[in-house]
Structures are given as structure tokens and as C-alpha cells.
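One rule links them: number in my numbering = place in the sequence shown (from 1) + 253. Cβ coordinates follow ideal geometry from the N, Cα and C atoms, glycine included. Keep in mind that this is a model prediction, so the values were computed, not measured. Just below is one structure, and these are the notes that go with it.
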Amino acid sequence: MWREYAPLWPFLRRYFGSTALGALCILLSVGLKVWIPLLIGDALEAFEQWNPAEGRDALVDGALQSALLIAGTALVVALVRTASRVLILGNSRRVAADVREHVFDHLLRLAPSFFLRNPAGQVMSRVINDLRVVQSLVGPVILYIAENLALFAFCLVVMLRSDPLVTVLALAPYPFAFFQARRLALRIQLGSAAAQNALGDLSTKVDESLSGQQVIKTMALEESDMAQFEARARHYRDLNLDVTKQRAKLVPLMLGLTSLSTLIVLGLGGLRVANGQTGLGPWTAMLMYLGILAGPTRTLGFVISTLRRGAASLQRLFEITASEVEIVGPPAERRVDFTPGELVVSSLSVVHPPISEQPHLEGSMPVGLDPELADRERAVLRDVSFRLAPGETLGVVGHTGSGKTTLARVLARQWPVARGVVSIGGTDINDVAPSDWRRRVGFVPQEAFLFSRTLAANVALGRPEALREEVEHAVRISQLANDLDQLPEGLDTVVGERGVNLSGGQRQRAALARVFLLDRELVILDDTLSAVDTHTADRILEALEEFLAGKTTVIVSHRLSAVKHADEIIVLEEGAVAERGTHLELLARGGIYAELWEKQERHEAECDELGIEITSKET
254 MWREYAPLWP FLRRYFGSTA LGALCILLSV GLKVWIPLLI GDALEAFEQW
304 NPAEGRDALV DGALQSALLI AGTALVVALV RTASRVLILG NSRRVAADVR
354 EHVFDHLLRL APSFFLRNPA GQVMSRVIND LRVVQSLVGP VILYIAENLA
404 LFAFCLVVML RSDPLVTVLA LAPYPFAFFQ ARRLALRIQL GSAAAQNALG
454 DLSTKVDESL SGQQVIKTMA LEESDMAQFE ARARHYRDLN LDVTKQRAKL
504 VPLMLGLTSL STLIVLGLGG LRVANGQTGL GPWTAMLMYL GILAGPTRTL
554 GFVISTLRRG AASLQRLFEI TASEVEIVGP PAERRVDFTP GELVVSSLSV
604 VHPPISEQPH LEGSMPVGLD PELADRERAV LRDVSFRLAP GETLGVVGHT
654 GSGKTTLARV LARQWPVARG VVSIGGTDIN DVAPSDWRRR VGFVPQEAFL
704 FSRTLAANVA LGRPEALREE VEHAVRISQL ANDLDQLPEG LDTVVGERGV
754 NLSGGQRQRA ALARVFLLDR ELVILDDTLS AVDTHTADRI LEALEEFLAG
804 KTTVIVSHRL SAVKHADEII VLEEGAVAER GTHLELLARG GIYAELWEKQ
854 ERHEAECDEL GIEITSKET
């Protein structure tokens with residue numbers, strides 16, 4: 254059972270000293286707490302044995318001394334008990350913070366493919382909700398376990414010494430109650446895991462609905478979307494209610510246990526007092542000990558419930574850290590830097606394993622997937638090779654789904670190089686730490702992502718120390734400066750979550766401005782003009798020619814005009830290089846490239862006649 258909590262040990266070990274001190278405080282407070290009934294019992298026996306001949310003053314003095322001793326002991330118990338809670342509950346906050354940072358650090362090192370397989374809602378549910386359960390596990394549960402074990406041990410010893418028969422009979426119902434509680438605990442664990450998965454599913458739905466509000470409203474899908482949300486919300490509610498019912502069964506079980514034990518002591522103990530087999534003091538102390546044990550017995554239900562919920566949450570939380578980092582850097586002794594040089598891609602192939610074999614977080618497997626597709630291996634790139642001298646530009650074009658974006662992601666080290674070789678200046682990129690490589694490469698992905706910050710802060714994301722003049726210059730090159738008048742605060746406008754306050758073209762130009770500001774040696778552009786109109790794209794391409802002069806560049810684009818000045822162009826078809834050459838050479842061959850060029854030229858001419866602004870997504 255305790256193996257389920259093993260992932261927590263490294264984090265708990267960091268605070269062993271303060272936790273041990275907290276445990277000592279618990280032992281001291283419990284020992285003194287158990288001593289109080291003995292003091293009361295002794296005071297009652299002294300009252301029973303008082304002889305009127307000794308005088309009333311002796312009785313009053315004895316009672317006063319006992320009262321002061323009991324009150325002083327109770328005060329010390331309160332102070333030491335408070336100290337134990339400050340130490341242990343404080344550590345629970347620290348452990349939770351450490352686990353949160355550990356999980357988040359691992360998330361940052363996971364490859365983008367992990368986030369393609371697992372919805373954001375499932376990941377967020379684990380990082381936020383499951384971590385709350387783990388915090389309860391580390392704080393109150395550890396505190397209650399230590400305190401309750403000490404109380405049971407101390408009370409059992411004192412009760413057995415006082416009256417073994419009554420003690421054994423009073424505690425006889427406990428094993429049966431523990432057995433029943435364990436059965437309920439297993440149901441609670443399974444139910445909690447299912448409920449947390451359902452919460453992740455619900456979070457994913459909320460995230461999708463909020464992000465896709467424009468689509469939902471445009472297609473009048475409000476009722477359908479609400480129905481889907483209600484179905485998931487009801488499912489989560491039903492699972493939670495089931496867990497609550499199981500937890501609720503623990504309460505009467507524990508209350509019934511304490512009541513039965515008290516009834517045994519009252520009946521059997523009272524009979525023994527009446528028969529003179531024991532005194533009033535020991536009998537009163539026995540009742541007080543049962544009263545002391547009533548609290549731990551009642552909290553036992555909470556402890557068992559949280560232990561099992563914690564086990565489920567730990568499994569879900571550390572399922573993230575168990576996910577392998579797909580792009581692993583070389584060992585420290587093999588790690589090398591690289592100097593700019595010829596970029597060589599040799600026999601590069603990228604094959605995605607069957608979806609059913611790819612690691613998914615529990616509850617994240619796509620629903621309704623065709624089993625035949627789920628079990629099919631997919632070759633995205635097949636034996637791709639090219640050489641790019643320093644300062645040269647490579648254009649990559651092809652139909653949708655031909656593998657262009659995958660090639661860009663491999664070069665940006667967002668996908669691992671498993672089959673084939675990618676090297677620069679004679680250095681295999683697998684011998685370069687991913688972080689070192691990315692610091693030397695400027696990559697603009699197809700989908701530009703902006704954070705909910707000012708436009709200036711988004712442009713300066715990779716260089717937060719950049720001067721205002723440098724940011725403004727990058728914005729001018731990306732042709733975004735003309736749009737600043739439309740924004741309320743210009744560069745200081747907060748763009749909203751994911752850049753929702755900007756158009757698609759403005760977001761792409763902001764992402765381009767980032768790369769202009771970074772001024773990297775190797776630049777990879779993945780269809781960065783797809784949401785930009787033709788005339789703006791032409792101005793950006795003119796600026797790009799000047800900016801990219803002397804830089805090694807890979808331009809992936811649907812818009813063939815973006816690559817026509819490239820030193821070499823490769824045409825991908827179903828993941829393989831179908832054609833290669835310069836713009837004029839490819840046109841002369843009359844192949845795929847020439848067909849795409851003619852189609853785009855004809856489409857642009859038709860749109861010009863109609864006065865329609867087009868983007869490459871329309872071609």
C-alpha cells in the first residue's frame with residue numbers, strides 16, 4: 254500500500270528536520286494529554302479518601318494544586334500542539350510548492366507531441382486539483398496519523414494497566430470497523446480517480462468552448478455546446494456524488510464504534526465500580542480516555558478517505574512526470590557547442606507510432622477513433638535529404654499534409670531526430686543540448702501564439718531587456734507598425750489571451766517581429782504569411798530579403814512567391830522530396846511546383862479582377 258506514496262518521499266526528505274521536530278511536539282502533547290485523565294483520577298481518589306479529621310483546608314489545598322497542575326498541563330498541551338501544526342502544516346505547503354514546480358518544470362521539457370496527445374484540461378486538472386488533494390495528504394493526514402497513532406498507543410498502555418478486561422472489551426469492535434473502512438477506502442480511491450478524470454474532461458470542454466466562441470456563435474451551436482457541457486457536468490457530478498456517498502458511510506461507522514465502546518465502559522465498568530472491583534477514579538479516567546480516542550476515531554474516516562483519494566491523485570499527478578522527455582539532450586561529457594556552417598539533412602525520416610501505442614494520460618485517449626486508424630503507423634517524412642550552405646535560403650513547398658511543418662519542427666528541435674542525420678557545421682544536432690540549439694535558432698511556427706501581455710512585451714519575449722527603439726524597429730520590419738493606430742494603446746495594448754484582440758495576420762506579424770528582434774543565425778519560418786493579405790505579404794517579403802541576408806534560412810510556405818528567390822526549393826509529396834531546384838528550374842519541368850504556381854497565379858488574377866484581398870490559406 255505504502256508504495257503508492259513513494260513519489261512523495263524525495264520531497265518530504267527535504268524537510269525531515271522540521272517534520273521530526275513536529276513529530277516530537279506531537280508525542281509531547283499526546284503524552285501530556287494522556288496524563289491529564291490520570292491527574293483527574295488521582296484528584297477524585299484523593300477526594301474519596303479524604304478524612305474530615307484532616308480539616309477542610311487540606312481538601313481545598315489539594316484540590317487547588319490538582320486544578321493548577323491540570324490547567325498548566327492543558328496550557329502546555331495547547332502550545333506544543335499548535336507548534337506541531339505550524340511545523341507539519343507549513344511543510345505541507347512547501348512540499349506542495351516543490352511538487353508543483355517539479356511537475357511544471359517537467360511539463361516545460363516535454364515535446365509538443367505530448368500536448369497534441371493530451372488535452373490542456375486533463376493536464377490542468379492534475380496540476381491544480383490533484384495537487385490540492387496531495388497537499389491535504391502531506392499536511393492534515395500526516396498530522397492526524399502521527400497524532401492518532403501516538404494517542405492510541407499511550408491510551409492503550411494506560412487503559413490496559415488500569416483495567417485490562419474492560420479495555421479489551423471496549424476496543425473489541427475496532428478490528429471489524431477497520432476492515433469495513435478499508436473496503437470503503439478502495440471504492441473511494443477508484444471513484445476519486447474516475448471523478449478527477451471527468452473533471453479533466455470537463456475542463457477541456459470549457460477551454461474548447463471559450464476558445465471557440467466565435468465558431469460556436471457563427472454556426473449557432475450554443476444549444477448543442479451547452480448540451481455537451483451539461484452532459485459532462487452531470488457525469489462529473491454523479492461520480493462525485495458516488496464518492497461522497499462512500500465517504501459518508503465512514504462517518505456513522507466511526508461514530509457507532511465510539512458509542513459502542515463508551516456503552517461497554519459505562520455498563521461493565523459501572524458494574525465493577527458498584528461491586529467494588531475498581532475505584533471511581535480509574536473508571537472516570539477510562540471514560541475520559543475513550544473520550545480522547547473518540548476524536549481520532551472520528552477523524553479516521555477522513556484519514557482513510559484522503560489517503561485513498563491522495564493515492565489516486567498522486568498516480569495522476571506523477572503520470573505526467575513519468576512521461577518521457579522525447580527530445581533528450583546528450584550527456585554532459587558529450588555535449589558540444591556548434592558553429593554556424595553548412596546545414597545538412599541526410600535520409601531524415603519521421604514515423605509516428607500507432608495512436609493506440611502512443612502514451613496518453615488516463616482519460617486523454619481520443620474518443621470515437623477508428624480502430625484501424627488507431628493501430629496504423631504513419632510515415633510523415635520519408636528519406637528527406639538536402640544541403641544548405643551558410644547564408645543560403647531553402648524553400649519548402651507542397652500540398653497540405655505533405656510533411657512541411659514536421660520538417661520545420663524537426664529543424665527547430667521540437668521533434669526528435671530518430672531516423673537519419675541533421676547536422677550543422679559538421680556537428681550532429683543530437684550532440685547539442687536542445688536549449689543551446691533553440692537559443693541559436695529563430696523559429697516562427699505556423700500558428701502564432703501570443704500571451705496576455707502588451708504587444709511590446711510579446712515582441713520582446715525572447716529579449717525582455719531589448720530597448721524600446723529596437724522593439725519598434727522589429728515591428729516596422731514586420732509591417733505591423735501601420736496597424737498600431739487601430740490599437741487603443743498602440744504597442745502597450747494588452748493583446749488578450751492567445752492574442753484574441755488581434756487578427757490572425759497581426760498575430761503572425763507579431764511573431765515575425767519576435768524573430769527580427771532576436772536576430773538569430775538560423776531562421777526557420779513555417780508558413781508565417783498564411784494569414785496575411787497579398788500586398789502586406791509582398792512588403793514583408795521585401796523586408797525579409799534584407800533581414801535574412803547572410804542568414805541560413807528555411808522558409809516553409811503555401812505561398813510560392815515567398816520562396817521564389819530561394820537558392821533551392823524542395824517540393825514535398827507524401828513526406829518525400831518529389832522535386833528540387835530553383836524557381837525557374839522547377840517551372841521549366843512542368844511538375845507539381847509548376848502546377849501549384851499556375852494555380853496560384855490564376856487565383857490571384859481572378860481575385861485582383863474582383864478586388865478581393867487574399868491570403869495563402871485561400872489559394
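Taking C-beta to C-beta, are residue i and residue j nearer than 8 Å?
i	j	result
threonine 805	glutamate 774	yes
threonine 835	glutamate 854	no
proline 426	leucine 510	yes
valine 380	phenylalanine 357	yes
arginine 338	tyrosine 268	no
valine 768	glycine 695	yes
serine 345	valine 391	yes
isoleucine 545	valine 496	no
valine 748	alanine 727	no
alanine 763	leucine 801	no
leucine 208	leucine 744	Nothing about residue 208 can be read from this structure; the chain reaches only from 254 to 872.
leucine 452	tyrosine 489	yes
leucine 437	serine 514	no
arginine 672	serine 599	no
threonine 811	aspartate 780	Position check: residue 811 holds histidine in this sequence, whereas threonine was assumed. Yes. Within cutoff.
leucine 553	asparagine 401	yes
alanine 446	leucine 506	no
valine 411	valine 556	no
arginine 362	valine 670	no
aspartate 454	arginine 485	yes
How many whole angstroms separate the CB atoms of residue i and residue j, which I take to be in contact at a CB cut-off of 8 Å?
i	j	result
glutamate 595	arginine 640	6 Å
valine 386	serine 566	4 Å
cysteine 278	valine 333	5 Å
glycine 651	valine 824	5 Å
lysine 657	valine 649	5 Å
arginine 635	alanine 829	5 Å
phenylalanine 704	proline 260	So it is not a contact: roughly 31 Å between Cβ atoms.
glutamine 449	aspartate 491	Incorrect: roughly 14 Å between the Cβ atoms, too far for contact.
leucine 778	valine 753	Rounded, the Cβ-Cβ distance is 24 Å, inconsistent with contact.
glutamate 827	serine 638	That pair is no contact at about 16 Å.
Given residue i, which residues of its chain have a CB within under 7 Å of its CB, disregarding the five upstream and five downstream residues?
i	result
alanine 897	Given that the chain is displayed from residue 254 to residue 872, the structure contains no residue 897 and the question cannot be resolved.
serine 271	Leu340 and Asn344
methionine 377	Ser456
lysine 502	Leu437
tryptophan 850	Leu813 and Leu840
leucine 803	A small fix is needed here, since residue 803 is glycine in this sequence, not leucine. The residues are Gly644.
lysine 852	none
glycine 844	Glu832
alanine 847	Leu839 and Leu840
arginine 759	Note that residue 759 is glutamine in the sequence shown here, rather than arginine. Taken in chain order, the residues that qualify are Leu733 and Asp736.
Pull up the DSSP beta-bridge partners for residue i, would you.
i	result
arginine 672	Ser602
phenylalanine 368	DSSP, once it has assigned bridges, lists no residue as partnering phenylalanine 368.
leucine 540	Answer is none; leucine 540 lacks a bridge partner.
aspartate 779	Val809
arginine 551	Arginine 551 pairs with nothing; no bridge assigned.
arginine 525	Its beta-bridge partners do not exist; DSSP assigns none.
glutamate 821	Leu647
leucine 596	Leu641 and Ile677
valine 747	Thr707
glycine 834	Ile822
leucine 634	Val603
alanine 829	Glu826
Please return the same chain residues whose Cβ sits closer than 6 Å to the Cβ of residue i, not counting the five positions on each side in sequence.
i	result
lysine 870	Any reading at lysine 870 must be qualified, since the residue scores a pLDDT of 47, below 50, and its modelled position is unreliable; the value itself is stated next. Taken in chain order, the residues that qualify are Ser783.
leucine 317	none
leucine 281	Val333
arginine 792	Gln732
alanine 564	Glu257 and Gln442
proline 263	none
alanine 273	none
threonine 789	Gln732
Which residues in the same chain as residue i place their Cβ atom closer than 8 Å to its Cβ, once the five residues preceding and following it in sequence are excluded?
i	result
arginine 691	Ala665 and Arg666
leucine 422	Ile517 and Leu521
Run the proximity test for residue i: is its beta-carbon closer than 7 Å to any non-hydrogen atom belonging to the ligand COA?
i	result
aspartate 681	As far as ligands go, the structure on display features none, and thus does not contain the ligand COA.
Which parts of the region 658–726 are runs of the beta strand (DSSP E), unbroken and 3 residues or longer, counting only runs that do not cross its ends?
-> 672–677 and 694–697
Entirely enclosed alpha helix (DSSP H) segments - the region 346–408, minimum 4 residues | 365–370, 373–378 and 384–389
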